[in-house]
Structures are given as C-alpha cells and as structure tokens.
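Below is one structure, written out as structure tokens; comments come after it.
Protein chains: 2
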Amino acid sequence: MIIHIDPNSEVPIYTQLTNQIIEGIARGNIKPGTPLPSVRAFAADLGVNMHTVNKSYHQLEKKGIIRIIPKSGAVIQEQQDSKQNEETIERLSADLKPLIAEALVIGLSTKQIEEMVETIIVDLKGAEQKGT
Amino acid sequence: MIIHIDPNSEVPIYTQLTNQIIEGIARGNIKPGTPLPSVRAFAADLGVNMHTVNKSYHQLEKKGIIRIIPKSGAVIQEQQDSKQNEETIERLSADLKPLIAEALVIGLSTKQIEEMVETIIVDLKGAEQKGT
Numbered sequence: 008m009i010i011h012i013d014p015n016s017e018v019p020i021y022t023q024l025t026n027q028i029i030e031g032i033a034r035g036n037i038k039p040g041t042p043l044p045s046v047r048a049f050a051a052d053l054g055v056n057m058h059t060v061n062k063s064y065h066q067l068e069k070k071g072i073i074r075i076i077p078k079s080g081a082v083i084q085e086q087q088d089s090k091q092n093e094e095t096i097e098r099l100s101a102d103l104k105p106l107i108a109e110a111l112v113i114g115l116s117t118k119q120i121e122e123m124v125e126t127i128i129v130d131l132k133g134a135e136q137k138g139t
Numbered sequence: 008m009i010i011h012i013d014p015n016s017e018v019p020i021y022t023q024l025t026n027q028i029i030e031g032i033a034r035g036n037i038k039p040g041t042p043l044p045s046v047r048a049f050a051a052d053l054g055v056n057m058h059t060v061n062k063s064y065h066q067l068e069k070k071g072i073i074r075i076i077p078k079s080g081a082v083i084q085e086q087q088d089s090k091q092n093e094e095t096i097e098r099l100s101a102d103l104k105p106l107i108a109e110a111l112v113i114g115l116s117t118k119q120i121e122e123m124v125e126t127i128i129v130d131l132k133g134a135e136q137k138g139t
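Protein sequences, first through last, are from chains A and B.
All residue numbers for the first sequence refer to this note's numbering, where the first residue is 8 and numbers rise by one.
All residue numbers for the second sequence refer to this note's numbering, where the first residue is 8 and numbers rise by one.
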C-alpha cells in the first residue's frame, strides 16, 4: 500500500493516514489479519513524527478497525460483530450528516447526492474486485 | 435556530458550530440573506470563545456558505453558481470517501450505505418542508 501524505492539506496528517488505511482496507489492498508496520518504522518511512502515526493507530483502534496488541503491534481487525456495527453506523451517520447537509445547501438534488455516493462506492469496490 | 455545543465531543467546537449552521440552512431554518449574529454576541450567547465563532465563520466563508462583510457582519449566501458547485462537489466527494470506505470496511452493503444516506436526506429535507 502506498500512502500519500500531503503536508499542505487542511486535513491533519494523522487523519490522512487513518483515512488512507481505511481506504486501503475498503479497496481490498490490506486484508484483515495483516499487521501494520511498527509506529517507529512507519513514521520513518512516511517522514512524519512518531506521535502522528501513534495518533492514527489509536484513532483506527477506536473505530474498531485495528487491534493494538501491547509490545506486539497493530493488526487489521477481522469483520466486526453486528452489535459493534450498530454503534459504528450511528457514528458514521452522524459524520455523514453535515456533508449531506452541505450538499443540499449548495443546491444538489437527492439524486445528485445519491449518484455522488454511488460513484465513490463503485470506485472503492471496483478497485477491490480488480485487486483480488 | 438553537445551537447545541457539546464540550465533551471529539468534534472541535468551531466545527460543531459550522455543522449546525449548515444543517440549519439545509433544514430551511436559516434562509439565504439572513445575517448571522456578530462574533461577539454569538460567542457570549453560546458561552464559547470569540476565536471559536470567528474560526467557524471563516470555515463557512471558505465553503462559500456565508459572506463576511467587513465591519458589517456575516450573511448567509444565496445559492452558488454552478462553477463554484463543481469545486464543492469535488471537495465533498473527497470528504465523503473515507466515511464510505469505513462503512464498507465494517461490512455494510452498497444498499445499506445508500439507505443510510437516504435516511439523512429525508431527515433534513423533511424538516425543511415542515418549516416552510
């Protein structure tokens, strides 16, 4: 997996890292069970602060996407159980709401918003199919 | 419009304010052309730092949702032209992507994601219809 960090982006670097790891899993480029690099190695590799990688890993752990095993490392979680999903769906829905509201405010129709979402899904899933 | 600030949320206060103003516009509770309170008055009203309100207003201005008129105040923008929309659509799409990726990673189907988006749209638009 290739991570692109944009130091000029308004998105904090740790969030860029988190998002790209999630996208890598969604695309099927990173499989459940795969260990992530150590914080030290990843930070050196990306040319970022160790604290940044650490923050990203804790964000991913909180989202239930990785499991951090003390003194061992971080591993991509297997699929979550449905109860955990419910909480995550609720949180995702809360995170999606301001973006959907913004889309409505700039005058996008329901159809345009749905198409935008569909395009993203096809992009992510399409890449997964090619990758497997 | 009633703004609820949650000081314990992980979402920064200025972003909570930004999101709720956008949601208020999407719901039709705040109409284009409406002036926003002065930074000082809004900060006092919400019990937050003036800097926080200022940051939110600048975030809203950057998104093209309000216009800040020096020495006068902030006003909700009229609908944007289509060129501005294109840039905003691109940015919104980039912001949506990590959330959609996360939904796929936790095992939601395309249909479930589309339903989640639809539910949010109905919630926002439904409120608008009731409000007008």
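Where is the CB? At the ideal position from N, CA and C, for every residue including glycine.
Spanning the alpha carbons of aspartate 102 of chain A and alanine 48 of chain A requires a straight line of approximately 31 angstroms.
Not one beta carbon of chain B lies nearer than 8 angstroms to the beta carbon of leucine 24 of chain A. Less than 8 angstroms divides the Cβ of tyrosine 21 of chain B from the Cβ of lysine 62 of chain B. Assigned with DSSP and collapsed to three states, glycine 80 of chain B falls in strand. Comparing C-alpha distances from isoleucine 96 of chain B to each of A:Glu94, A:Thr126, A:Leu99 and A:Glu85 shows the shortest one belongs to A:Thr126. With contacts defined as CB atoms closer than 8 angstroms, threonine 41 of chain B and valine 82 of chain B qualify as a contacting pair. For aspartate 102 of chain B, at least one C-beta of chain A is nearer than 8 angstroms to its own C-beta. Remark: C-beta atoms of isoleucine 120 of chain B and alanine 110 of chain B approach each other more closely than 8 angstroms. With respect to isoleucine 72 of chain A, glutamine 84 of chain A sits close: the two C-beta atoms are nearer than 8 angstroms. Listed in chain order, the non-local C-beta contacts of leucine 43 of chain B below 6 angstroms within the same chain comprise Ala81, local neighbours out to five positions each way being set aside. When C-alpha distances from glycine 114 of chain B are compared across A:Gly114, A:Asn92, A:Ser45 and A:Gln23, the shortest belongs to A:Asn92. Residue pairing by DSSP puts proline 42 of chain B in a beta bridge opposite B:Val82. For isoleucine 127 of chain B, the secondary structure class from DSSP, reduced to helix, strand or coil, is helix. Its chain contains Val46, Arg47 and Ala50 as the residues whose beta carbon lies nearer than 8 angstroms to that of methionine 57 of chain B, once the 5 sequence neighbours on both sides are disregarded; these appear in chain order. Secondary structure at isoleucine 73 of chain A: strand, using DSSP grouped into helix, strand and coil. Chain order gives no chain B residues near asparagine 15 of chain A, where near means a beta carbon separation below 7 angstroms; the closest approach is about 14 angstroms.
Listed by position along chain A, the residues whose Cβ is nearer than 7 angstroms to that of proline 105 of chain B are Asn26, Ile29 and Glu30.
Contact note: methionine 123 of chain A reaches chain B through Ile96, Leu99, Ser100 and Leu103, using a C-beta cutoff of 8 angstroms and chain order.
At a cut-off of 8 angstroms between C-beta atoms, glutamate 109 of chain A counts as an interface residue with respect to chain B. For the pair alanine 33 of chain B and valine 112 of chain A, the Cα-to-Cα distance works out to about 5 angstroms. For lysine 70 of chain A, the nearest beta carbon of chain B is closer than 8 angstroms to its own beta carbon. A buried status is given to methionine 123 of chain A, since no fewer than 16 other beta-carbon atoms sit within 10 Å of its beta-carbon.
Going by DSSP, glycine 31 of chain B is part of the alpha helix (DSSP H) stretching over 20-33.
Annotated three-state conformation of asparagine 92 of chain A is helix, per DSSP.
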